[in-house]
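Visitor:
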Amino acid sequence: MALAALQSTNVVYRRILSQFPQDISLAFAYGSGVFTQAGTSQGQMRSNMLDFVFAVDDPITWHTMNLIENRKHYSFLKYLGPKHISSIQNEYGAGVYYNTLVPLEERLIKYGVVSTDVLIDDLLHWKTMYIAGRLHKPVRILVQKENAKLRAALVANLKSALIASFLMLPESFSEEELFLRIAGLSYSGDFRMVIGEDKSKVSNIVKDNMEHFRILYNNILQECPQVVYKPQQGKLEVDKSPEGQFTQLMALPHTLQQQITRLVDPPGKNRDVEEILLQLAHDPDCSLLVQQDKRLCHMSMTKQAGLVKQGEVLSRNLTLLSSLSTVWYLEYSENLQYNTKCQRNCYSRTRENGVV
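Start counting at 1 in the sequence shown, then tack on 9, and there's your number in my numbering.
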């Protein structure tokens, strides 16, 4: 599988992982602390926070062990115990529990814990696309235990990212255009891109990591019957016939299919999904409608995000979009803390050097 090509034996990652309970089915590092981005120096990269995700089969047991080994990593929730932490992780937001701003191996790290079953479900169906979206882009796989369902779901997630991007691209396009579209799937309308986040982040991710994207998607592109891939020229051609678009629409994750049908089909008609997607496949504006669906969904997330205050726990009745915005709001708050801390450190060093 393409992801395996990015495995790392880097000693820093091994040292960090050695400080956590070892019952992890999948561990990966991602973000600007792991991969270079356009406009970022090696020095800046080393000072960036390292981001990790750990998928575990039994979150309660894992949090129990981690509370023993790393109690200081947790917020006040540590006083509630592993069952409540696991309950918050599984029942609210995107199914991920994050500990942030953790100092390890002379770096600041952030790590999210997700149930293996929840991860597989998100990879296959894009119910939140929170972790699935991160795995559309190159990541550094640190641990991957043998799990046929998880391995198949990881591949399916990459295929879904390709298919969704094909539907939003013209008949002919470049590798860079494809990878920009893929990288943008999980950022479109993300309110972090509206407030306090570099608007060119998607472009920065892709420009310096073209080869990583090629490694990740090459095998799937070579085997995909919907596209003609010319890697030497960096060009692709996708089937834009109604039959081709219908095949692509039917291959989308179930959640995205439902969102598209709600957008296209008037209320009260209750036509089945296949009928609606067949009609859409014949529409000259099929590409625009698929893009509009993503914008509308993310617009709702952005609006909801402004209503959530840090530390609030969502009730069980909040919608999926509200839950997603909570996770992103907390990440934004954490980023503000991190940036403020960096600025204070920089100011302190400047004063020590007598510049101020």
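Don't be surprised by glycine CBs; every beta carbon is placed ideally from N, CA and C.
(1) Do you know how far the Cα of residue 23 is from the Cα of residue 98?
(2) Take residue 86 as the anchor and find which of 106, 67, 78 has the nearest alpha-carbon.
(3) Let's test the definition: count the other Cβ atoms within 10 Å of the Cβ of residue 195 and tell me whether it reaches 16, buried, or not, exposed.
(4) Based on DSSP bridge pairs, tell me the residues matched to residue 64.
(5) Please name the residue in 133, 188, 56 whose C-alpha comes closest to that of residue 169.
(6) Buried or exposed for residue 140, please, with buried defined as at least 16 other CB atoms from any protein chain shown within 10 angstroms of its CB.
(7) Okay, do the stretch 178–185 and the stretch 120–127 touch, 3+ Cβ pairs below 8 Å being the bar?
(8) With distances taken from CA atoms, which of 65, 247, 64, 126 is nearest residue 183?
(9) Using the rule of at least 16 other Cβ atoms within 10 Å of the residue's Cβ for burial, across every protein chain shown, is residue 294 buried or exposed?
(10) Would you kindly report the start and end of the unbroken beta strand (DSSP E) that includes residue 21?
(11) Could you check whether the stretch 235–251 touches the stretch 262–273, counting it as contact only if at least three pairs of C-beta atoms, one from each stretch, sit closer than 8 Å?
(12) Please classify residue 299 as buried or exposed, where buried requires at least 16 neighbouring CB atoms within 10 angstroms.
(13) Relative to the C-alpha of residue 147, which residue among 128, 211, 79, 292 is closest?
(14) What residue does the beta strand (DSSP E) around residue 166 start on, and which one ends it?
(15) If you check the beta carbons only, do residue 265 and residue 286 fall under 7 Å apart?
(16) Contact between the stretch 27–36 and the stretch 58–68: three or more CB pairs below 8 Å?
(17) Can you tell me the Cα-Cα spacing of residue 229 and residue 77, whole angstroms?
(18) Can you give me the Cβ contacts of residue 290 inside the same chain, cut-off strictly under 7 Å, excluding the 5 residues immediately before and after it?
(19) Taking Cβ to Cβ, would you say residue 103 is nearer than 7 Å to residue 217?
(20) In whole angstroms, what separates the C-alpha of residue 138 from that of residue 268?
(21) Would you kindly check if the distance between the Cβ of residue 118 and the Cβ of residue 59 is under 7 Å?
(22) Can you list, in chain order, the residues of its chain whose CB lies under 6 Å from that of residue 73, leaving out five sequence neighbours each side?
(23) By how many angstroms is the C-alpha of residue 51 removed from the C-alpha of residue 94?
(24) Return the chain-ordered list of same chain residues with a C-beta closer than 6 Å to the C-beta of residue 75, the five sequence neighbours on each side being excluded.
(25) Mind checking whether residue 129 and residue 162 have CB atoms under 7 Å apart?
(26) Rank 26, 283, 224 by C-alpha distance to the C-alpha of residue 153 and give the top, closest one.
Guide: Looking at the coordinates:
(1) Residue numbering aside, residue 98 sits at position 89 when the sequence shown is read from its first letter. Residue numbering aside, residue 23 sits at position 14 when the sequence shown is read from its first letter. C-alpha separation (whole angstroms): 25 Å.
(2) Here residue 86 corresponds to residue number 77 of the sequence shown, with the count starting at 1. Taking only the C-alpha atoms, the option nearest residue 86 is 106.
(3) Position 186 of the sequence shown holds residue 195. With 16 or more other Cβ atoms within 10 Å, it is buried.
(4) Here residue 64 refers to the residue found at position 55 when the sequence shown is read from its first residue. 35, 123, per the DSSP bridge assignment.
(5) Position 160 of the sequence shown, counted from the start, is the residue given in the question as residue 169. If we check each option's Cα against that of residue 169, 133 comes out closest.
(6) Numbered from its first residue, the sequence shown carries residue 140 at position 131. Answer is buried; the Cβ neighbour count reaches 16.
(7) no
(8) Within the sequence shown, the letter at position 174 stands for residue 183. Closest by alpha carbon: 247.
(9) Here residue 294 refers to the residue found at position 285 of the sequence shown. By the neighbour-count rule (16 or more Cβ atoms within 10 Å), residue 294 is not buried but exposed.
(10) Counted from its first residue, the sequence shown places residue 21 at position 12. Where residue 21 is concerned, there is no enclosing beta strand (DSSP E), although the alpha helix (DSSP H) it sits in stretches over 20–26.
(11) no
(12) Position 290 of the sequence shown, counted from the first residue, corresponds to residue 299. Buried, by the Cβ-count rule.
(13) Taking the sequence shown and counting its residues from 1, one reaches residue 147 at position 138. Residue 147 has its Cα closest to that of 211, out of 128, 211, 79, 292.
(14) Against the sequence shown, residue 166 aligns to sequence position 157. Not the beta strand (DSSP E): residue 166 falls in the alpha helix (DSSP H), residues 157–177.
(15) Numbered from 1 along the sequence shown, position 256 holds the residue referred to as residue 265. Numbered from 1 along the sequence shown, position 277 holds the residue referred to as residue 286. No, Cβ-Cβ distance for residue 265 and residue 286 is not below 7 Å.
(16) yes
(17) To locate residue 229, count along the sequence shown from 1; it is residue 220. To locate residue 77, count along the sequence shown from 1; it is residue 68. Residue 229 and residue 77: Cα-Cα distance of roughly 42 Å.
(18) Counted from its first residue, the sequence shown places residue 290 at position 281. Result list for residue 290: 251, 254, 255, 258, in chain order.
(19) Taking the first residue of the sequence shown as position 1, residue 103 is located at position 94. Taking the first residue of the sequence shown as position 1, residue 217 is located at position 208. Cβ distance not < 7 Å, so residue 103 and residue 217 don't count as in contact.
(20) Indexing the sequence shown from 1 puts residue 138 at position 129. Indexing the sequence shown from 1 puts residue 268 at position 259. Rounded to whole angstroms, residue 138 to residue 268 spans 13 Å at the Cα level.
(21) Start at 1 with the first residue of the sequence shown, and residue 59 comes out as number 50. Start at 1 with the first residue of the sequence shown, and residue 118 comes out as number 109. Yes, these two residues count as a Cβ contact at 7 Å.
(22) Your numbering for residue 73 matches position 64 in the sequence shown. Around residue 73: 91.
(23) Numbered from its first residue, the sequence shown carries residue 94 at position 85. Numbered from its first residue, the sequence shown carries residue 51 at position 42. When rounded, the distance between both Cα atoms is 36 Å.
(24) Indexing the sequence shown from 1 puts residue 75 at position 66. Same-chain partners within the cutoff: 30.
(25) Reading the sequence shown from its first residue, position 120 is the one you call residue 129. Reading the sequence shown from its first residue, position 153 is the one you call residue 162. Against a cut-off of 7 Å, the Cβ pair of residue 162 and residue 129 comes out as a contact.
(26) On the sequence shown, residue 153 is found 144 positions in, with the first residue counted as 1. Comparing Cα-Cα distances from residue 153 to each of 26, 283, 224, the minimum goes to 26.
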